[in-house]
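For reference, the structure discussed in these notes is given below.
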Ligand SMILES: Nc1nc2c(ncn2[C@@H]2O[C@H](COP(=O)(O)OP(=O)(O)OP(=O)(O)O)[C@@H](O)[C@H]2O)c(=O)[nH]1
């Protein structure tokens, strides 16, 4: 199966207070790092970055496709639709993440693709919640995604309620990522600082 990936990076970053995509992380920005980690599992020519219209972006590999939101701040579902429309039509499924996943493990991405089978999406879950921004989606759910958006729903959770998904217990993924750091999105400055120190401890 040809794997795709969609990296959403055009949110408002309101809790962080500054554009997350451009935050430094080691010698890279968060977006560069996320693209590099995703490209261990997905060929760069099948990676789509979905950014806001005027958003400045760091230099990315030339093969990576950049698309711009049609509507400002329409949310992750609208951005997912933009990304799916931009993917090569031969790509049946895409890993979806935000730009704020600097501790992603490629073995987690690989496992999510491996579990897809007949499901429309493979989504990690713990007792409290689903993790729709570290998940794999079949591209044939595009029509359903558009219906949801047209009905005024903007969240990925709403889409996942309408399709058949495979839920992967987060604990199962500890085998591949013992600290489960792949699932920590960075919303606040405190999250960002904690991720930097965790990355430094690992190195
Ligand atoms: N392209 C695009 N990406 C989005 C949009 N909304 C959210 N995202 C991305 O989706 C991921 C999750 O977004 P949220 O955590 O809901 O929002 P955020 O902008 O990151 O942060 P807050 O404003 O603090 O909620 C982040 O990587 C965002 O950049 C959007 O309208 N367009």
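Numbering (UniProt numbering), first residue to last: 1 to 203. Ideal Cβ positions, reconstructed from N, Cα and C, are used throughout, including at glycine.
Item: In terms of alpha-carbon separation, which member of 70, 154 and 110 lies closest to residue 93?; Value: 110
Item: Count the C-beta pairs between the region 66 to 77 and the region 119 to 129 that are closer than 8 Å, then say yes if the count reaches three, no if not.; Value: no
Item: Compute the Euclidean distance between the alpha carbons of residue 64 and residue 201, then round it to the nearest angstrom.; Value: 30 Å
Item: Taking the C-alpha atoms as reference points, what is the distance between residue 83 and residue 150?; Value: 17 Å
Item: Tell me the rounded alpha-carbon separation between residue 171 and residue 50.; Value: 30 Å
Item: Under 7 Å between the Cβ atoms of residue 136 and residue 87?; Value: no
Item: In this structure, what does DSSP give as the bridge partners for residue 3?; Value: 93
Item: According to DSSP, simplified to helix, strand and coil, what is residue 176?; Value: coil
Item: Please confirm whether any heavy atom of ligand 1 lies closer than 6 Å to the CB of residue 48.; Value: no
Item: Going by beta-carbon coordinates alone, are residue 59 and residue 44 separated by less than 7 Å?; Value: no
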